[in-house]
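A short worksheet on the structure shown next.
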Amino acid sequence: MKRIGLFWGSQTGNTELAATLIVEAIGSDIVQSYDIRGVDSGTFGSYDSLILGTSTWGAGELQDDWDSFLPQFDAIDFIGKKVALFGLGDQLGYGDYFLDGMGILYENLIGRGAKVTGSWSVDGYEHSYSRAIQYGAFVGLALDADNQNHLTPVRIKQWVDQILPILL
Ligand SMILES: Cc1cc2nc3c(=O)[nH]c(=O)nc-3n(C[C@H](O)[C@H](O)[C@H](O)COP(=O)(O)O)c2cc1C
Numbered sequence: 725m726k727r728i729g730l731f732w733g734s735q736t737g738n739t740e741l742a743a744t745l746i747v748e749a750i751g752s753d754i755v756q757s758y759d760i761r762g763v764d765s766g767t768f769g770s771y772d773s774l775i776l777g778t779s780t781w782g783a784g785e786l787q788d789d790w791d792s793f794l795p796q797f798d799a800i801d802f803i804g805k806k807v808a809l810f811g812l813g814d815q816l817g818y819g820d821y822f823l824d825g826m827g828i829l830y831e832n833l834i835g836r837g838a839k840v841t842g843s844w845s846v847d848g849y850e851h852s853y854s855r856a857i858q859y860g861a862f863v864g865l866a867l868d869a870d871n872q873n874h875l876t877p878v879r880i881k882q883w884v885d886q887i888l889p890i891l892l
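In my numbering, each residue carries its 1-based index in the sequence shown increased by 724.
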């Protein structure tokens, strides 16, 4: 089994593409990528190191497939698991709810004893509110394919360098 499980949920492909770039940056020999749609809790729970990616829809809602999977968190023992989060959102179109989906995942992990790593500076983003900000930083990598797509590869590379020593 590979050492890291990456689980993503994506409506129009942006989070999926970011997941592909993250796998390339880490190496496909180390990380296995899964669409959260159709994943069972046993597969998810078998990883001690996780990377979870979601977009935000509606007004600050979790991506649909993640929303469906969330009840299965109850069947997973998160204590001791290391988790890094990344989120896709639109800071200009949804500046009152920027990356809220990532914040919802975070809240559900912290409450279950997971060790969340990979926080990210809020510098360089324009928005008025985000549920994904804790103690002045994003709880995970903040990506915006709608307004800052050109920054995605460099942000991913920098973030992967930051999380990999912790996850491995
Ligand atoms: C109808 C609609 C609602 C959205 N709501 C939010 C939102 O509340 N917060 C946010 O940050 N982004 C929001 N977005 C932006 C998406 O999260 C963004 O486009 C993302 O890259 C989509 O990723 P996906 O294709 O992987 O689902 C919304 C986009 C649409 C079209």
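We put the beta carbon where it would ideally sit given N, CA and C, even for glycine. Just so you know, these numbers come straight off a predicted model, no measurement behind them.
In this structure, DSSP gives Asp772 a state outside helix and strand, which the three-state scheme calls coil.
Listed in chain order, the alpha helix (DSSP H) runs fully inside the segment 796 to 826 amount to none, counting runs of at least 4 residues. Closest by C-alpha distance to Gly819, out of Ser752, Asp870, Ile728, Thr739, is Asp870. Per DSSP, reduced to three states, the secondary structure at Ser757 is strand.
Under the three-pair Cβ rule at 8 Å, the segment 763 to 772 counts as touching the segment 789 to 805. When the five nearest sequence neighbours on each side are left out, the beta carbons in the same chain lying within less than 8 Å of the beta carbon of Ile857 are those of Gly827, Val846, Val863, in order along the chain. Put simply, the backbone Cα of Leu833 is about 14 Å away from that of Thr778. When rounded, the separation of the alpha-carbon atoms in Asp885 and Val840 is 16 Å. Checking the 7 Å criterion, the Cβ of Gly837 is out of range of every heavy atom belonging to ligand 1. Residue pairing by DSSP places Ser779 opposite Leu812 in a beta bridge.
Leu888 carries a helical assignment under DSSP once its states are collapsed to helix, strand and coil. Setting aside the 5 residues that flank it on each side, Thr739 is surrounded in the same chain by Trp732, Gly777, Ser779, Leu812, each with a C-beta closer than 6 Å to its C-beta; the list follows chain order.
Relative to ligand 1, the beta carbon of Tyr771 is positioned no closer than 7 Å to any heavy atom.
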